[in-house]
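Residue numbers (this note's numbering): 166 to 602.
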């Protein structure tokens, strides 16, 4: 009987068909003998963390994959703040932020370059320091640095996360005005005003900064604006372990996944980014194998397919997929051969490697491999082959329940062995005490 699940998430793996690949997706076109072998000996299907056609970012998709409802999602900004090591106070708003290059056109700001040429680390630090603090109408604004030109803005006072993004994310588009969301109250309006005042302040300071004068003299785009998006705020969140009765750990890198782990009660195991996606994934699978004794749900994640897709080069994504498949061949063998391991492989969303979309709404392949899993007729791990598999179409928060079933921990509906039964069985039972005379 499987005792632990290893969930391998190949971020952004799904895609669309491309003429450059003869009408195939990068996953279909790639040589993936090891993923195909898993599919050929496992149960296959399609997965979408939301609903078909809905384009999800990694954070929302992972919350669904870990069993949390959309209403429980606290916002990307809050998760990034946690991942940075901040401890946002109740009622504090957190926003994802980064520096960019914008130009004034007809009195409005247009995004010229979302990702200008990277400055030296000491230059980036100086830009962050120049606009690190601000106040407006009783709202205190702070900017915290992450990596490169990215960071987190925190806002304290009578504030609300119900404000619009100011980052259009696509070069050439106008920056949206900070506004309260529809039907939001006075706190959201105050937050939008304070955010607007801060972003104008940042633009004035950056426009006159000596670093930008030097950049323009060198023919580089100035770093003259700050944009924000995905505001969030702390919410009460059930821990994954309490909800599903499993001891979870995540083998992932990046501020976002550190924040997700902290928010949902996962242990975060070390994972390096060396620039070699295959070697990095092999190391993460080996870390997961070594941690099986301490954890019974191990999330193993790589961002490499998503990053390749964002270059808008299907051939580059195909090459990354082949490198990851080779890593699975090198490192996943002991996990696949272990009768106490349920090995699951899927993606969080699709990322088109051509066209204007940031993420796509197509479902992604899902395979469960381990003792007791039905072996269907699917012989290849790709978006089209998986559609004929016996798992059918799995959606949203159904995935962790499917995993519990594979671990033979599924709770029979109606069983009440505890006052607040978790999704697993048995629950944390309070033993029936017999008093001694």
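Glycine included, every Cβ here is placed at the ideal spot set by N, Cα and C.
Note that the structure is a prediction, hence the values are computed from the model and not measured.
With contacts defined by Cβ atoms closer than 8 Å, residue 429 and residue 405 form a contacting pair. Close CB contacts of residue 576 within its chain, under the 7 Å cut and outside five residues either way in sequence, are with 586, 588, 589 and 590 (chain order). The alpha-carbon of residue 595 is positioned some 30 Å away from that of residue 415.
In this structure residue 522 is exposed. Its beta-carbon is surrounded by fewer than 16 other beta-carbon atoms within 10 angstroms. Pairing residue 331 with residue 371 gives a Cβ-Cβ distance that is not under 8 Å. Here residue 288 carries a helix assignment [DSSP, helix/strand/coil]. Beyond the five residues adjoining it in sequence on each side, residue 566 comes within less than 8 Å, by CB distance, of 232, 575 and 588 in the same chain, given in chain order.
DSSP places residue 553 in the helix class (H, G or I) of the three-state scheme. In terms of Cβ geometry, residue 470 and residue 176 form a close pair [threshold 8 Å]. Within the stretch 424–496, the runs of alpha helix (DSSP H) at least 4 residues long that lie entirely inside it are, in chain order, 442–456, 469–474 and 479–496. Beta-bridge pairing by DSSP links residue 321 to 305. Assigned with DSSP and collapsed to three states, residue 210 falls in strand. Within the stretch 385–420, the complete alpha helix (DSSP H) segments at least 4 residues long are 405–409, listed from N- to C-terminus. Just so you know, the alpha carbons of residue 208 and residue 559 end up roughly 12 Å apart.
Residues 239, 243, 253 and 255 of the same chain have their beta carbon placed closer than 7 Å to that of residue 399, with the five preceding and five following residues left out of the count. Secondary structure at residue 516: coil, using DSSP grouped into helix, strand and coil. Inclusion of residue 489 and residue 442 in the CB contact set at 8 Å is warranted, their separation being smaller than that value.
In this structure residue 170 is buried. Its beta-carbon is surrounded by 16 or more other beta-carbon atoms within 10 angstroms. In the three-state DSSP reduction, residue 197 falls in the coil class, being neither helix nor strand. Put simply, the backbone Cα of residue 417 is about 33 Å away from that of residue 346.
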